[in-house]
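Here the protein sequences line up with chains G and Y, keeping their order. Residue 6 in our numbering sits at position 6 of the first sequence, with consecutive numbering throughout. The number in our numbering is simply the position in the second sequence, starting from 1, with 144 added.
There are 2 protein chains.
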Amino acid sequence: MVDDKSYSSGAFAENRPRSKRRTRQRSVIQRMLLEANRPLSPHDILEAAQAKAPGLGIATVYRTIHTMMTEGTLVTVDIPGEAPRYETAGKEHHHHFQCRECDDIFDIQGCPPDIQKLTPKGFRLEGHQVVLYGVCPPCTGMPT
Amino acid sequence: MVDDKSYSSGAFAENRPRSKRRTRQRSVIQRMLLEANRPLSPHDILEAAQAKAPGLGIATVYRTIHTMMTEGTLVTVDIPGEAPRYETAGKEHHHHFQCRECDDIFDIQGCPPDIQKLTPKGFRLEGHQVVLYGVCPPCTGMPT
DNA sequence: GTTAAAATGATAAATAACACTCATTAAATG
DNA sequence: CATTTAATGAGTGTTATTTATCATTTTAAC
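This is how it looks when you write it as structure tokens:
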């Protein structure tokens, strides 16, 4: 998993790398992430946010991602063979569905039971991830 | 993808060689993949094979991977956030365990029951992948 | 409004995985 | 053995993703 190295070098890690200013770009990016309700790639974010923040650059997207990650308000969503997406932190444990048509990722709730039983002897289980593959409603021609 | 039809496909799937010469390098790489019994990265393959094939270059590893993929004797194993590994084809349906200490991937048998129950309405399920995370026996200090 | 500095946008640079090039090596065949 | 030509190794090129640089803009506190 992605591990952002911390900044706790001294006794007091008082230097929180928070955003100090509320800019239009940052607000728009954060709103897009909240409203999407599914993991977005940096490019997804750029495209969605540019409608409300003309001229937005990709660097600002990456900077905002980094800021929100260190703030703890954003988490990485890694899907096999894919570049990382990001979604807002704080959701309860869930998994993801990737559409083979549009490649978009969707949150799914629930969790397979007895996943611990899959763990072979001698292995210590600490976490798991399930990815479902198929076709999403829009790509099957169904209404949203 | 390269598609070479210059061979008459025999009755048996194993008898459709795409490589024309049996070289030391290729033999060693294939043996490493068979003996590893777990997915290997190109770099893993390089390191393992160099012991038996001195001077082996990374290009040959990639070429052999490509050859075996088109032969159908090798399949990709994609783990979230990781570069692809490769394992020999023909294994029955299984999933993987990644050790958080050494990052190695291990095959695990079995499959969570009722996985289609996780699929939300309107989605068509076509496949799934489960990745377990934790610590492998060697990294817990247990004997192999 | 003024002002200091944080944030931005454009772009260069770093990273990583992998493919391509080509002179040389070495299998397979006779 | 000699021949032919696929395969190799070393290096270069490519593509995609992400980070660093820096002049300029913009926020937030006065």
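Idealized CB from N, CA, C, for every residue including glycine.
Closest Cα partner of residue i within the set the options
i	options	result
G271 (chain Y)	Y:I202, Y:Q260, Y:G225, Y:V279	Y:Q260
K164 (chain Y)	Y:R182, Y:T211, Y:V172, Y:Q273	Y:T211
E226 (chain Y)	Y:D247, Y:Y206, Y:R268	Y:D247
T64 (chain G)	G:D78, G:I29, G:R38, G:A53	G:I29
K265 (chain Y)	G:Q129, G:D114, G:P112, G:D107	G:D107
G285 (chain Y)	G:M142, G:F123, G:C139	G:F123
E92 (chain G)	G:C139, G:N37, G:P138, G:T23	G:N37
Test: residue i CB closer than 8 Å to a CB of chain G
i	result
G285 (chain Y)	no
D188 (chain Y)	no
G199 (chain Y)	no
Y277 (chain Y)	yes
Q273 (chain Y)	yes
H239 (chain Y)	yes
C246 (chain Y)	no
I259 (chain Y)	yes
L252 (chain Y)	The question names Leu, but residue 252 (chain Y) in the sequence shown is Ile. Yes, its Cβ sits closer than 8 Å to a Cβ of chain G.
G216 (chain Y)	no
G266 (chain Y)	yes
Cβ neighbours of residue i in the same chain (closer than 8 Å, five flanking residues each side left out)
i	result
L184 (chain Y)	M176, L177, A192, R229, Y230, E231
V279 (chain Y)	C243, R244, E245
V77 (chain G)	P39, P84, R85, Y86, E87, H96, I105
V131 (chain G)	I79, P80, H95, H96, F97, Q98
CB contact check: residue i to chain Y, cutoff 8 Å
i	result
G75 (chain G)	For clarity, residue 75 (chain G) is Val in the given sequence; the question names Gly instead. For V75 (chain G), the answer is no, since every Cβ of chain Y falls outside 8 Å of its Cβ.
E126 (chain G)	yes
P80 (chain G)	yes
Y62 (chain G)	no
L118 (chain G)	yes
P39 (chain G)	no
Q25 (chain G)	no
Presumed contact (8 Å Cβ cut-off) between residue i and residue j, rounded CB distance
i	j	result
T217 (chain Y)	Q169 (chain Y)	Contact doesn't hold; Cβ gap of about 16 Å is too wide.
A53 (chain G)	V75 (chain G)	At roughly 23 Å, the Cβ-Cβ gap does not stay under 8 Å, so A53 (chain G) and V75 (chain G) are not in contact.
P126 (chain Y)	P80 (chain G)	Summary: the structure shown does not reach residue 126 (chain Y), with chain Y confined to residues 145 through 288, and so no result is reported for it.
Chain-order list of residues whose beta-carbon lies under 7 Å from that of residue i (same chain, five-residue window excluded)
i	result
Y133 (chain G)	Q98, R100
L46 (chain G)	L56, I58, V61
V146 (chain Y)	Reliability fails at V146 (chain Y), whose pLDDT of 27 lies under 50, so the model's placement of it is uncertain and no value is given.
H131 (chain Y)	With chain Y covering 145 to 288 only, the question about residue 131 (chain Y) has no answer from this structure.
E179 (chain Y)	none
DSSP bridge partner residues for residue i (one or two, in chain order)
i	result
I105 (chain G)	G:Q98
Q273 (chain Y)	G:V131
K230 (chain Y)	Looking at the sequence shown, residue 230 (chain Y) is not Lys but Tyr. According to DSSP, which records beta bridges pairwise, Y230 (chain Y) is partnered with Y:L184, Y:T220.
R268 (chain Y)	G:V135
Close-in-space but distant-in-sequence residues of the same chain around residue i (CB under 6 Å, 5 per side omitted)
i	result
T263 (chain Y)	L269
Q253 (chain Y)	H238
Q194 (chain Y)	L200
C283 (chain Y)	C243, E245, C246
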